[in-house]
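S.K.: Pasting a structure below so you can have a look.
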Amino acid sequence: MRIIHIYARKPHPRIWGERVDVRFWKMSEWLHNNGFDVAGITKGEKSERKYFEGIETFRVPSRGIADFALKVSSLLLKLDKEKGIDIIHGHRHSGVLPALIAKKLGLKSSVIFDYHDPWSGESHMTEPNLWQRLKTGLFRHLEGFIARNCDHIFVVTEFQADILAKKHGLSKSKFTVVYNMAKKDVFKPSLSDKEKFGFTGKKIVFFVGSIVPYFGIHLLVDAASLVVKKVPNAVFVIKGVFHDKDYGEKIMKQIRDNGLAKHFIIIKEWLDEEKLAAMMASADIAAIMHMPTLLTETASPDKLYEYLASGLPVVSTNLKNLRKWVLPKKTGLLAHHNPEDIAQAIIKLLTDDDLRKMISKNARRLCENKWNWDNEMGKVESVYQKLAKGNHSKRLL
Numbered sequence: 134m135r136i137i138h139i140y141a142r143k144p145h146p147r148i149w150g151e152r153v154d155v156r157f158w159k160m161s162e163w164l165h166n167n168g169f170d171v172a173g174i175t176k177g178e179k180s181e182r183k184y185f186e187g188i189e190t191f192r193v194p195s196r197g198i199a200d201f202a203l204k205v206s207s208l209l210l211k212l213d214k215e216k217g218i219d220i221i222h223g224h225r226h227s228g229v230l231p232a233l234i235a236k237k238l239g240l241k242s243s244v245i246f247d248y249h250d251p252w253s254g255e256s257h258m259t260e261p262n263l264w265q266r267l268k269t270g271l272f273r274h275l276e277g278f279i280a281r282n283c284d285h286i287f288v289v290t291e292f293q294a295d296i297l298a299k300k301h302g303l304s305k306s307k308f309t310v311v312y313n314m315a316k317k318d319v320f321k322p323s324l325s326d327k328e329k330f331g332f333t334g335k336k337i338v339f340f341v342g343s344i345v346p347y348f349g350i351h352l353l354v355d356a357a358s359l360v361v362k363k364v365p366n367a368v369f370v371i372k373g374v375f376h377d378k379d380y381g382e383k384i385m386k387q388i389r390d391n392g393l394a395k396h397f398i399i400i401k402e403w404l405d406e407e408k409l410a411a412m413m414a415s416a417d418i419a420a421i422m423h424m425p426t427l428l429t430e431t432a433s434p435d436k437l438y439e440y441l442a443s444g445l446p447v448v449s450t451n452l453k454n455l456r457k458w459v460l461p462k463k464t465g466l467l468a469h470h471n472p473e474d475i476a477q478a479i480i481k482l483l484t485d486d487d488l489r490k491m492i493s494k495n496a497r498r499l500c501e502n503k504w505n506w507d508n509e510m511g512k513v514e515s516v517y518q519k520l521a522k523g524n525h526s527k528r529l530l
């Protein structure tokens, strides 16, 4: 079966040294490793075609969404003539649009819309101006066109399916929830090596993710001021990209002003998956500090499942989409959005060795048995097979 994944952003750092969405690459990698003929199309500064670990990849330069859509739709028609395409799997709205244009031009492949998350502009605007309201309205019409005309929709939580189905009048049968679970053979407790990362004699609280306001790092810093009074050897490791420069500067100032410099390790550079997994496994507990927004309340954060696969008990803010996974005393502790509550949960896990070990074993066992990427990709494969049987190309293995 021939499958094309499209993502209108830059490619994986191991290919061209740049950042990419984890889901796009993780899916492509799994499909290739399990015998599928898969290729990826991404945005780039110049046109390139190469193979990486057996996966054919195309880089398409563009000056925006419309330009990318037109160029990629032309590329899809060309690739279909060369080898045929059974499934086009578009990531986010901009990754699906080229496929729908190509279908209007005669392509018979099935098209999947992988939603990922709400449009960032719609998610975070609190008091939009006239231009922002017009832009959001146009985007919603585009989203409706995409959702109605694609063949199937993947979402990362059931909450996203509810929102899209209601907004655009869609049947729930058009949706499949594919959680961003971790690769259990990559993220695992056995990789722990505190000496290697300089963590010996320290109680490590780990966070990985973008440094942006809605991920709540400021709450973690405020909580740290209380934690170190009870756990003097506590160290907070923040592995993330400072996407919001002003917020990043605010966080660094907050750390300095609170006298916490020796209790924080900030890692800004990109780490390959193997090193990240080993560093994560070497921590004691992990943190998710999501603030309540449309984006965070409907998300399926990769970090959560990677923490659990690594055997890390999680301290998480109490959002509806996180409560399902952070089960009290089974995979972690929930906390309200205030430093005192967060600090109390962190202190409890860092000082209660028996509880921490029990939660670690529970989390890992759940990942081995059910909460893992192989099981989620089984859902993807099932949808692919059904769609490929129904399209006109009939190019099945």
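Going left to right, the sequence shown walks through residues 134 to 530 as our numbering numbers them.
Yeah, the Cβ is synthetic: ideal placement off N, Cα and C, and Gly gets one too.
Quick one: what does DSSP say Asp247 is sitting in, helix, strand or coil?
M.R.: Looking at Asp247 - three-state DSSP - the assignment turns out to be strand.
S.K.: Enumerate in chain order the residues of its own chain whose CB-to-CB distance from Gly254 is below 8 Å, with the five nearest sequence positions on each side excluded.
M.R.: Low local confidence applies: a pLDDT of 47 at Gly254 is under 50, so the model's placement there is unreliable, with the coordinate-based value given in what follows. Around Gly254: Gln265, Lys268, Thr269 and Phe272.
S.K.: Which residue or residues does DSSP assign as beta-bridge partners of Trp181?
M.R.: Correcting the residue type first, residue 181 is Glu in the shown sequence and not Trp. According to DSSP, which records beta bridges pairwise, Glu181 is partnered with Arg192.
S.K.: Does the contact criterion of 3 or more C-beta pairs under 8 Å hold for the stretch 177-189 versus the stretch 215-235?
M.R.: As far as the Cβ criterion goes, the stretch 177-189 does not touch the stretch 215-235, which means the pair count is below three.
S.K.: Determine, using beta carbons only, whether Lys107 and Ala496 come nearer to each other than 9 Å.
M.R.: What the structure shows of the chain is the stretch from 134 to 530, and residue 107 is not part of that stretch, so it cannot be assessed.
S.K.: Hey, how far is the Cα of Ala235 from the Cα of Ser323?
M.R.: Cα-Cα distance, rounded: 47 Å.
S.K.: Terminal residues of the continuous beta strand (DSSP E) containing Val341?
M.R.: Val341 -> beta strand (DSSP E) spans Lys336 to Val341.
S.K.: Write down the C-beta distance between Asn454 and Phe292 rounded to the nearest angstrom, noting that I regard them as a contact closer than 8 Å.
M.R.: Indeed they touch by this definition, with Cβ atoms about 6 Å apart.
S.K.: When you compare the stretch 486-495 with the stretch 419-438, are there three or more beta-carbon pairs, one atom per stretch, that lie closer than 8 Å?
M.R.: At 8 Å Cβ cutoff, the stretches do not touch.
S.K.: Below 8 Å, can you find three or more Cβ-Cβ pairs linking the stretch 367-376 to the stretch 336-347?
M.R.: With the cut-off at 8 Å, the stretch 367-376 and the stretch 336-347 touch.
S.K.: Helix, strand or coil for Lys372? Go by DSSP, reduced to three states.
M.R.: Three-state result, Lys372: strand.
S.K.: Pull up the distance between the alpha-carbon of Tyr347 and that of Ala468, whole angstroms please.
M.R.: One C-alpha to the other measures close to 16 Å.
S.K.: With DSSP run on the structure shown, which of helix, strand or coil describes Ala414?
M.R.: It is helical.
S.K.: Buried or exposed: where does Ala141 fall if 16 or more other Cβ atoms within 10 Å of its Cβ makes it buried?
M.R.: Answer is buried; the Cβ neighbour count reaches 16.
S.K.: If you reduce the DSSP assignment to three classes, tell me which class Lys494 lands in.
M.R.: The answer is helix: DSSP assigns Lys494 an H, G or I state.
S.K.: If you pair each beta-carbon of the stretch 274-290 with each one of the stretch 397-413, do three or more pairs fall below 8 Å?
M.R.: No: the two stretches stay apart, fewer than three of their Cβ pairs being nearer than 8 Å.
S.K.: Could you tell me whether the stretch 381-389 touches the stretch 294-313, using the rule of 3 or more Cβ pairs below 8 Å?
M.R.: Result no; under three Cβ-Cβ pairs closer than 8 Å.
S.K.: Do Tyr438 and Tyr312 count as a contact pair if the criterion is CB distance below 9 Å?
M.R.: Yes, these two residues count as a Cβ contact at 9 Å.
S.K.: Kindly give me the distance between the Cβ atoms of His222 and Ile136, rounded to whole angstroms, as I take these residues to be in contact under 8 Å.
M.R.: So it is a contact: roughly 6 Å between Cβ atoms.
S.K.: In angstroms with no decimal places, state the Cα-to-Cα distance between Lys512 and Trp506.
M.R.: Spanning the two alpha carbons is a distance of roughly 10 Å.
S.K.: Give every residue of the same chain whose Cβ lies closer than 6 Å to the Cβ of Ser515, excluding the five residues on either side of it in the sequence, and list them in chain order.
M.R.: Excluding residues within five positions, none has a Cβ falling inside 6 Å.
S.K.: For Lys436, does the three-state DSSP call read helix, strand or coil?
M.R.: Note: Lys436 maps to helix in three-state DSSP.
S.K.: Around the C-beta of Ile400, are 16 or more other C-beta atoms found within 10 angstroms, so that it is buried, or is it exposed?
M.R.: By the 10 Å Cβ count, Ile400 comes out exposed.
S.K.: Assuming contact is defined by CB atoms lying nearer than 9 Å, are Asp170 and Leu520 in contact in what I supplied?
M.R.: Not in contact: Asp170 and Leu520 (Cβ atoms no closer than 9 Å).
S.K.: Buried or exposed for Ser306, please, with buried defined as at least 16 other CB atoms from any protein chain shown within 10 angstroms of its CB.
M.R.: Counting Cβ neighbours within 10 Å, Ser306 comes out exposed, since fewer than 16 surround it.
S.K.: Alpha carbon to alpha carbon, how far is Ala411 from Asp318? Give it in angstroms, no decimals.
M.R.: Using only the alpha carbons, I get a separation of about 12 Å.
S.K.: Could you check where the beta strand (DSSP E) with Phe308 kicks off and where it finishes?
M.R.: Counting along the chain, the beta strand (DSSP E) containing Phe308 begins and ends at Phe308 to Val310.
S.K.: According to the Cβ coordinates, are Phe320 and Ser443 closer than 9 Å?
M.R.: Yes, the Cβ-Cβ distance between Phe320 and Ser443 is below 9 Å.
S.K.: Pull the bridge partners of Ile399 from the DSSP assignment, please.
M.R.: Its beta-bridge partners are Ile371.
S.K.: What is the C-beta distance between Pro472 and Leu359, in whole angstroms, given that I count them as a contact (C-beta under 8 Å)?
M.R.: Correct: roughly 6 Å between the Cβ atoms.
S.K.: What is the rounded straight-line gap between the Cα of Asp250 and the Cα of Gly392?
M.R.: Roughly 37 Å separates the two Cα atoms.
S.K.: With Ile220 as the anchor, note down where its beta strand (DSSP E) starts and where it stops.
M.R.: Note, Ile220: beta strand (DSSP E), Ile220 to His224.
S.K.: Could you name the residues of the same chain whose beta carbon sits closer than 8 Å to that of Lys216, not counting the 5 residues immediately before and after it, in chain order?
M.R.: Same-chain partners within the cutoff: Arg135 and Asp170.
S.K.: Within the same chain, show all residues whose beta-carbon is closer than 6 Å to that of Arg225, passing over the 5 residues directly before and after it, in chain order.
M.R.: His249.
S.K.: Hey, would you say Gln387 sits closer than 9 Å to Asp417, going by beta carbons?
M.R.: Not closer than 9 Å, so no.
S.K.: What's the call for Gly523, buried or exposed, on a 16-neighbour Cβ count within 10 Å?
M.R.: So Gly523 counts as exposed.
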